[in-house]
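Note that the working numbering numbers the sequence shown so that position 292 is 514, with each residue one more than the last. For glycine and all other residues, C-beta sits at the position ideal for the given N, C-alpha and C. Okay, so here's the structure we're looking at.
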Amino acid sequence: MLAKNAWFGYRAVVLAALLLAASSAIQPDPAVGGDGLVYLVRVQGTVDRGLSRTVVRAARRAREDGADLLVVEINSVGGRVDAALEIRDAITGSPVPTLTLVRDRAWSAAALIALAGDRLIMQPGSSIGAAQPSPAEEKAIAAVRGEFEATAELQGRDPQLAAAMVDADIAIPGVVEAGKLLTLTAGRALELGLIDGTADLEQALADAGHEAAQIVTIDVTPGERLARLVTEPTIAGLLLSFGILGITVEFWTPGFGLPGAAGLTCLGLFFGGHLLAGVGGWEAAALFLLGLGLLATEVFLPGFGIFGLGGLAALLGGVYLFTGGGPNAITAMATAVIITLAGTILVLRFAARRGLLLRLTLPARQGKEEGFSSHEESSDLTGQTGVAVTPFRPAGILEVGGRRVDAISEGGFVSPGAPLQVLRVEGGRIIVREVNQRR
Numbered sequence: 223m224l225a226k227n228a229w230f231g232y233r234a235v236v237l238a239a240l241l242l243a244a245s246s247a248i249q250p251d252p253a254v255g256g257d258g259l260v261y262l263v264r265v266q267g268t269v270d271r272g273l274s275r276t277v278v279r280a281a282r283r284a285r286e287d288g289a290d291l292l293v294v295e296i297n298s299v300g301g302r303v304d305a306a307l308e309i310r311d312a313i314t315g316s317p318v319p320t321l322t323l324v325r326d327r328a329w330s331a332a333a334l335i336a337l338a339g340d341r342l343i344m345q346p347g348s349s350i351g352a353a354q355p356s357p358a359e360e361k362a363i364a365a366v367r368g369e370f371e372a373t374a375e376l377q378g379r380d381p382q383l384a385a386a387m388v389d390a391d392i393a394i395p396g397v398v399e400a401g402k403l404l405t406l407t408a409g410r411a412l413e414l415g416l417i418d419g420t421a422d423l424e425q426a427l428a429d430a431g432h433e434a435a436q437i438v439t440i441d442v443t444p445g446e447r448l449a450r451l452v453t454e455p456t457i458a459g460l461l462l463s464f465g466i467l468g469i470t471v472e473f474w475t476p477g478f479g480l481p482g483a484a485g486l487t488c489l490g491l492f493f494g495g496h497l498l499a500g501v502g503g504w505e506a507a508a509l510f511l512l513g514l515g516l517l518a519t520e521v522f523l524p525g526f527g528i529f530g531l532g533g534l535a536a537l538l539g540g541v542y543l544f545t546g547g548g549p550n551a552i553t554a555m556a557t558a559v560i561i562t563l564a565g566t567i568l569v570l571r572f573a574a575r576r577g578l579l580l581r582l583t584l585p586a587r588q589g590k591e592e593g594f595s596s597h598e599e600s601s602d603l604t605g606q607t608g609v610a611v612t613p614f615r616p617a618g619i620l621e622v623g624g625r626r627v628d629a630i631s632e633g634g635f636v637s638p639g640a641p642l643q644v645l646r647v648e649g650g651r652i653i654v655r656e657v658n659q660r661r
């Protein structure tokens, strides 16, 4: 039963991975329009590695199909810096002319994406800026500020304005004072020359000479959407927690199978989603599995805690690497640790109330008062005569009273077939001697 259910769990994991991979290949149908070809991709919500794959795919499709313009519409409060850099590189490296349009807001990492376009348009009422990294360490601020300045310079924009969005120590007379991050409205950004105009999408396309163009919208595929969901730090922590809990419960209640299958499915979604999103690698997954193996070794072969400590270190290291490191990894790990500990306590209490732990432990000593005996009762054989089935040197097998028992010869060697008499029974020992043997 256990093997069958485990096989079911493995198939569930493989099926989930195949669905993720297959769904990522689904392509949207282009909308019918007039002359020219415009590709449109939206940066909405948290900037993560799942979203970056969508934008990279849109840039590739625009290049392959010979598009006249690639439009990146932005409405985001930021997210992962590494994902924003990947999107920035896809935009600046595109041979197709690019236009970034801030619909409502482009804060934090999303501001870097907005600055990457050949043309930057902001919709009236939108804002851009507030891009200080978290945690706000000097090294991180310097690195991100450099990326903002380089991107602004590349597209002919004021790098000092871009830097002031990241570093609160930068003061620009008449624009922002020291100690405050720069955040600009659409009108103010236009006054300072940071953007090329203010318009909505329809007007921006018309101003670019593509009012009658065929627009192909690159939507997030189901696989990319699922990858974005499972790589969100809190969701990733939940999947990791339930995966570990499911496998742990499977060890405690062997033969049931459902907890193990659920645990394997959760871990499959965790690893499959991160692999699909391009976060982590197989080496991080191998480190995580090594940690599980070491913890299992500690459970079944308890020692001095070396396997347990090593397993815990490998487990946490694998999770940290697989989730890309940084604050997101810390959030996922903290969520996993808290929920796993709480879940383990609840499972132990439930198992104790239902008596499930009795399968793993012997709760009470069983003695003669409860009718328990560690050996078959043989006192009734005293005085009976039997036959030696095997040689006695001095132990052998005696056939007596219709059954075979282990016995010890009082007189030493006895040949097979010799008649033997049971002299006495001492606990589990049956003492015999040859019938024709004198004392």
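(message) Give me the residue from G339, V559 and E648 with the minimum Cα distance to L603.
(response) Answer by Cα proximity: E648.
(request) Give me the Cα-Cα distance between G608 and E621, rounded to the nearest whole angstrom. (result) Between G608 and E621, the C-alpha separation is close to 5 Å.
(request) Provide the residue span of the alpha helix (DSSP H) that contains G351, from first to last. (result) Here G351 belongs to no alpha helix (DSSP H); instead the beta strand (DSSP E) covers S349 to G351.
(message) Excluding the 5 residues flanking T420 on each side, which residues of the same chain have their C-beta closer than 8 Å to its C-beta?
(response) I343, M344, Q345, P346, A408, G409 and L412
(request) Count the C-beta pairs between the stretch 442 to 453 and the stretch 354 to 366 that are closer than 8 Å, then say yes if the count reaches three, no if not. (result) Touching, no, given that fewer than three Cβ pairs across the two stretches are closer than 8 Å.
(request) Would you mind giving the Cβ-Cβ distance between L323 and I296, rounded to the nearest angstrom? I have them listed as a contact below 8 Å. (result) 7 Å
(request) With a 10 Å radius around its C-beta and 16 neighbouring C-beta atoms as the bar for buried, classify W329 as buried or exposed. (result) buried
(message) Out of G288, V278, R325 and E360, which one is the CA nearest neighbour of S221?
(response) No answer is possible for residue 221: the residues shown for the chain start at 223 and end at 661.
(message) What would DSSP say about P641, mapped onto helix, strand or coil?
(response) Three-state result, P641: strand.
(request) Figure out for me which residue from G415, G431, P638 and Q643 has the closest Cα to the Cα of Q606. (result) Q643
(request) Report yes or no: do three or more beta-carbon pairs, one from the stretch 486 to 493 and one from the stretch 454 to 473, lie closer than 8 Å? (result) yes
(request) Quick one: using the 10 Å Cβ neighbour count with 16 as the cut-off for buried, is D389 buried or exposed? (result) Buried, because 16 or more other Cβ atoms sit within 10 Å of the Cβ of D389.
(request) Sort out for me which residues DSSP pairs W504 with in a bridge. (result) None; W504 has no bridge partner.
(message) Helix, strand or coil, according to DSSP, for V654 in the structure here?
(response) strand
(message) DSSP has I296 in a bridge; who is on the other side?
(response) V265 and V324
(request) Can you check DSSP and say which residues form a bridge with V636? (result) F614
(request) Compare the Cα-Cα distances from Y542 to each of I619, L291, G482 and P455 and report the closest residue. (result) P455
(message) Taking the straight line between their C-alpha atoms, what separation do you get for T557 and V398?
(response) 38 Å
(request) Express the C-alpha separation of V277 and G339 in angstroms, rounding to a whole number. (result) 13 Å
(request) On the DSSP bridge assignment, give the partners of E648 in chain order. (result) R651
(message) When you compare the CB positions of A400 and D391, do they come within less than 9 Å of one another, or not?
(response) yes
(message) Let me make sure I understand the geometry here. Which of I630, L259, S637 and G639 has the alpha-carbon closest to that of A436?
(response) The displayed chain sequence assigns Gln, not Ala, to residue 436. Measuring from the Cα of Q436, the nearest candidate turns out to be L259.
(message) For a test of the three-state rule: what should DSSP assign to S601, helix, strand or coil?
(response) helix
(request) Would you mind sorting S601 into buried or exposed? The rule is 16 or more other CB atoms within 10 Å of its CB. (result) With fewer than 16 other Cβ atoms from the protein chains shown falling within 10 Å of its own Cβ, S601 counts as exposed.
(request) Can you tell me which of the three DSSP states A244 falls into? (result) Because the pLDDT of A244 is 45, which lies under 50, any placement of that residue in the model is unreliable, and the number read from its coordinates should be weighed accordingly. Looking at A244 - three-state DSSP - the assignment turns out to be helix.
(request) Give me the Cβ distance between P638 and P613, rounded to the nearest whole Å; I'm assuming they're in contact under 8 Å. (result) 6 Å
(request) Report yes if the CB atom of T307 is closer than 9 Å to the CB atom of A353, and no otherwise. (result) The sequence shown places Leu at residue 307, not Thr. Contact: no.
(message) For G415, would you say it is in contact with chain B, using Cβ-to-Cβ distances shorter than 9 Å as the test?
(response) Although the question refers to chain B, the structure presented lacks it and comprises just one protein chain.
(message) Rounded to whole angstroms, what is the Cα-Cα separation between V303 and A331?
(response) When only Cα atoms are considered, V303 and A331 end up about 6 Å apart.
(request) Hey, could you find the ends of the alpha helix (DSSP H) V366 is sitting in? (result) Per DSSP, V366 belongs to the alpha helix (DSSP H) from E360 to L376.
(request) Kindly list the residues whose CB is nearer than 8 Å to the CB of R285, restricted to its own chain and excluding five residues on each side of it in sequence; keep chain order. (result) Apart from the 5 residues on each side of it in sequence, R285 sits with its Cβ closer than 8 Å to the Cβ of S316, P317 and V318 in its chain, given in chain order.
(message) To the nearest angstrom, how far is the alpha carbon of E424 from that of G267?
(response) 22 Å
(request) Keeping to the same chain, check which residues put their C-beta closer than 8 Å to that of V265; ignore five residues upstream and five downstream. (result) L273, V277, V294, E295, I296, N297, S298, I309, A332 and I335
(message) Using only the alpha-carbon positions, how far apart do A507 and E433 sit?
(response) Their backbone Cα atoms lie some 49 Å apart in a straight line.
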